[in-house]
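Data block below; observations after.
Residue numbers (my numbering): 36 to 114.
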């Protein structure tokens with residue numbers, strides 16, 4: 036845990052976003068990525084809590100989280 040707090044969790048995905056941006060558009064790409072991230076930080080708990088309330092369990096919220104994780108792994112693991 037100390038290593039995570041010392042390095043920070045932003046590092047890997049911010050570096051990926053910066054490296055993936057076209058030349059001359061790094062700042063725009065990072066700003067857009069950070070804006071989307073902040074919107075997701077606000078919406079995700081609300082949506083997942085609503086799914087939990089509507090379904091009466093935790094299975095429904097975990098399904099979209101698992102699906103997004105799988106999609107992310109597929110997209111970032113391609114050569």
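We put the beta carbon where it would ideally sit given N, CA and C, even for glycine.
Per DSSP, residue 58 lies in no alpha helix (DSSP H) and is assigned neither H nor E. A buried status is given to residue 96, since no fewer than 16 other beta-carbon atoms sit within 10 Å of its beta-carbon.
In the displayed model, residue 63 falls within a helix according to three-state DSSP. Assignment of residue 45 by DSSP, reduced to helix, strand and coil, places it in the coil class. For residue 84, the three-state secondary structure derived from DSSP is helix. Here the alpha carbons of residue 78 and residue 99 stand approximately 13 Å from one another. Between residue 64 and residue 56, the CB-CB gap stays under 7 Å.
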